[in-house]
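S.K.:
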Amino acid sequence: MVKGYFRRNHCSKEYVLRSKEFAKSTVASVINQIVIFLSGFILPKLILRFYGSDTNGLIHSISQFLTLISFLEMGMGAVVQSALYAPLAENDMVKVSEIVTDSSRFFKKIAGLLLLYVVLLAFVYPTFINNNFGAIYTASLIAALSIGNFVQYYFGITDTILLSAGQKLYLTYNINTIFLIVNIILNYILVYSGASIQTLKFVTGAVFLGKPFLLRMYVNRSYHVDRKARYNENPIPQKWNGVAQHIAHTVLNSTDYIILTVFSTLAEVSVYSVYALVLSGLRQVYIALTNSIMPLFGDMWARKEGDKLIHFFGWAEWLLHTFIVFLFGCTAVLLVPFVQVYTMGIHDANYYQPIFSIILTLAYGWYCLRVPYNSMILAAGHYRQTQASYLIAAGMNLLISSVAVLRFGLIGVAAGTFISMLYHTVWMAYYLSRNIIKWKFRDFMKQIAVDLLSVAVCMAATAFLKLKRVSYISWGVMAIETSIIWIVCMSIINLLFYRDKLLYMLSKLRSILKRMF
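Here this note's numbering is used: the first residue of the sequence shown is 103, the next is one more, and so on.
1. If you compare alpha carbons, which of Leu-190, Glu-370, Lys-313 is closest to Phe-510?
2. Which ranges does the alpha helix (DSSP H) cover as unbroken runs of at least 4 residues, wholly within the region 565 to 609, from first to last along the chain?
3. Could you give the distance in angstroms between the alpha-carbon of Pro-439 and the alpha-carbon of Ala-241?
4. Looking at Tyr-556: is its Cβ nearer than 8 Å to the Cβ of Met-592?
5. Secondary structure at Asn-251, three-state DSSP: helix, strand or coil?
6. How do the region 426 to 444 and the region 574 to 592 stand: do at least 3 beta-carbon pairs fall below 8 Å, yes or no?
7. Does Gln-183 come out as helix, strand or coil in the three-state DSSP assignment?
8. Relative to the alpha-carbon of Tyr-446, which residue among Thr-564, Ile-249, Arg-571 has its alpha-carbon at the smallest distance?
9. What residue from Leu-462, Trp-541, Arg-405, Ala-551 has the CA that sits closest to His-413's CA?
10. Determine, using beta carbons only, whether Tyr-219 comes closer than 8 Å to chain D.
11. From this set, Asn-537, Val-435, Leu-480, Val-505, which residue's C-alpha is nearest Ala-639's C-alpha?
12. To the nearest angstrom, report how far apart Thr-260 and Ser-127 are at their CA atoms.
13. Whole angstroms is fine: what's the gap from Met-478's alpha carbon to Ile-539's?
14. So, at 6 Å on beta carbons, what are the nonlocal neighbours of Ala-297 in its own chain, with the 5 sequence-adjacent residues on each side left out?
15. Could you pull the start and end residues of the alpha helix (DSSP H) that Ser-477 belongs to?
16. Quick test of the definition: if touching needs 3 or more C-beta pairs under 8 Å, does the region 132 to 144 touch the region 155 to 167?
17. Within a Cβ cutoff of 7 Å, which residues of the same chain sit near Gly-179, ignoring the five residues on either side of it in sequence?
18. Going by DSSP in three states, Thr-301 sits in which element: helix, strand or coil?
19. On a CA-only basis, which of Phe-252, Arg-601, Arg-405 is nearest Ile-212? Give me that one, please.
20. Could you tell me whether the Cβ atoms of Tyr-444 and Lys-147 are closer together than 8 Å?
21. Tell me which same chain residues have a C-beta within less than 8 Å of the C-beta of Pro-474, skipping the five on either side of it?
22. In whole angstroms, give me the CA-to-CA distance for Leu-501 and Ile-161.
23. Measuring CA to CA, which of Tyr-320, Asn-476, Val-427, Ile-291 is closest to Trp-588?
24. For Val-327, which residues of its own chain have a beta-carbon under 8 Å away from its beta-carbon, when the five flanking residues on both sides are left out?
25. Give the C-beta separation of Ser-206 and Arg-318 to the nearest angstrom, bearing in mind that I take them to be a contact with Cβ-Cβ under 8 Å.
26. According to DSSP, is Gly-331 helix, strand or coil?
27. Is the beta carbon of Ile-461 sitting closer than 8 Å to the one on Ala-516?
28. Grab me the residues of Arg-109's own chain with a C-beta within less than 6 Å of its C-beta, minus the 5 sequence neighbours each way, in chain order.
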């Protein structure tokens with residue numbers, strides 16, 4: 103059935119073009135996220151080794167406070183992208199120009215507010231944080247870390263949104279990959295030449311100044327955009343309807359660090375950051391694989407291709423759920439052993455946190471489970487209709503984490519994130535089934551039941567695995583053993599419950615391998 107659908111319905115020129123753009127963006131995104139992943143492991147380890155856990159915790163804490171400036175974006179980025187789908191599909195460059203002009207003006211105001219926020223943060227932050235660093239030391243580090251945020255909002259964000267809506271994200275990813283590699287090299291040079299942490303962050307932040315200029319050059323050459331377009335009616339009518347979604351996103355991604363900064367110590371922030379380093383890296387790899395899905399959903403929605411959208415979403419849902427269970431299930435087994443190896447020789451904080459590790463892994467796994475449902479809601483432009491649920495999820499996370507951290511520390515913060523993610527994922531799937539995709543909600547519940555069964559069986563099957571020696575080689579052997587067991591167990595379970603989808607996926611993999619070799 104699945105195979106027949108794809109053969110019958112996916113042979114048009116539009117589909118072929120979309121498939122090529124989707125494939126290019128996905129490959130470029132995966133490469134970019136691999137480099138980000140490597141950078142995320144290499145650079146914090148350098149900071150831990152040369153500057154200590156407190157400095158590492160301070161950097162992560164400041165970084166999260168700086169991401170709060172995106173709170174002022176009020177969800178504008180996703181709303182702009184949704185507004186661009188229809189005019190791009192219709193090749194209406196007058197409308198595209200109006201949207202780009204309005205968006206650029208908005209983000210330049212955000213950049214101005216960022217400067218004011220950085221100045222305020224530099225004065226206020228050192229007065230309440232529990233650390234041994236001086237006010238000037240901390241303020242100068244805040245200034246160094248703010249460079250990248252300012253460049254993003256003042257120069258590059260509108261062009262990035264336009265390329266994303268036009269299914270050309272691969273260009274953004276390729277440029278970003280180049281700058282990331284240069285950044286890693288510069289970090290090594292500066293660290294081993296004895297540079298201060300402020301100098302390190304100033305120089306490496308300044309490197310990314312070249313990224314928005316390259317993006318602007320491509321957009322100007324490829325799109326006939328009038329950046330001074332005049333308009334009478336508001337070209338982005340839902341400009342303020344993305345507020346709730348953005349508040350939830352900001353809270354869910356930033357507040358754990360902030361709560362720990364206020365109620366705990368920088369050493370605890372550092373411990374959280376090491377575990378989150380692995381999990382956020384995996385989340386970004388997953389998002390890299392799915393980033394091109396939202397523009398594809400949006401394009402199908404704009405063209406009113408209802409049947410294609412429903413079938414494609416059903417297929418994507420199963421594939422993404424299966425991948426998430428495998429990815430984060432293996433991580434639940436391997437995360438604590440990896441942190442033991444990663445922090446070997448670092449004794450200024452307790453990095454052995456098995457219960458915290460499991461709960462935080464569940465939280466990140468549920469975050470990823472919500473991505474296809476969230477992407478479809480945003481692609482369909484259902485901002486106003488869903489904003490209450492986003493605010494509830496954000497409120498749950500804030501309330502539970504703030505109360506639980508006082509008694510349970512790291513575990514309490516992770517529990518707040520997990521519970522809010524669980525609620526929000528189920529709610530979005532229900533809303534989507536009733537208002538957009540219109541498929542049976544019990545199909546979602548069946549998928550969740552199969553996911554939970556897979557986790558239970560695979561965890562039991564890998565319970566005997568232990569880290570034989572604290573080394574990367576020993577951990578690598580354990581990772582291979584874990585992955586093989588999870589693949590075998592999950593294949594058997596999916597063969598029982600989703601035989602048609604599994605066999606279709608295997609046939610596609612076989613055909614890809616034949617073309618490659």
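Yeah, the Cβ is synthetic: ideal placement off N, Cα and C, and Gly gets one too.
Note that the structure is a prediction, hence the values are computed from the model and not measured.
M.R.: To lay it out plainly:
1. With distances taken between Cα atoms, Phe-510 lies closest to Glu-370.
2. 574 to 599
3. A straight line joining the alpha-carbon of Pro-439 with that of Ala-241 spans about 36 Å.
4. Reading off the sequence, residue 556 comes out as Ser, not Tyr. Yes, the pair counts as a contact, with Cβ atoms nearer than the cut-off.
5. When secondary structure is reduced to three states using DSSP, Asn-251 falls in the helix class.
6. yes
7. helix
8. The amino acid at residue 446 is misidentified as Tyr; the sequence shows Met. Nearest C-alpha to Met-446 among Thr-564, Ile-249, Arg-571: Arg-571.
9. Selected option, being the one with the closest Cα: Trp-541.
10. The structure shown has no chain D; it contains just one protein chain.
11. Outside the shown range of the chain (103 to 619) lies residue 639, about which nothing can therefore be said.
12. 18 Å
13. Looking at the two C-alpha atoms, the distance is approximately 9 Å.
14. Closer than 6 Å at the Cβ level, and outside the excluded window around Ala-297, lies no residue.
15. 473 to 481
16. no
17. The beta carbon of Gly-179 sits closer than 7 Å to the beta carbons of Ile-259, Ile-263 from its chain, once the five residues preceding and following it are set aside; these are given in chain order.
18. Three-state DSSP puts Thr-301 in a helix.
19. Phe-252
20. yes
21. Thr-392, Ile-395, Phe-415, Ala-418, Glu-419, Leu-422
22. 25 Å
23. Comparing Cα positions, the closest option is Val-427.
24. Met-195, Val-198, Ser-199, Val-202, Leu-264, Val-321
25. 11 Å between Cβ atoms; not a contact.
26. It is worth fixing the name first, because residue 331 is Ala in this sequence and not Gly. Of the three classes helix, strand and coil, the one that applies to Ala-331 here is coil, per DSSP.
27. yes
28. Caution applies to Arg-109, whose pLDDT of 45 falls short of 50 and renders its modelled position unreliable; the value that the coordinates give is listed next. So the list is empty, once near-sequence residues are dropped.
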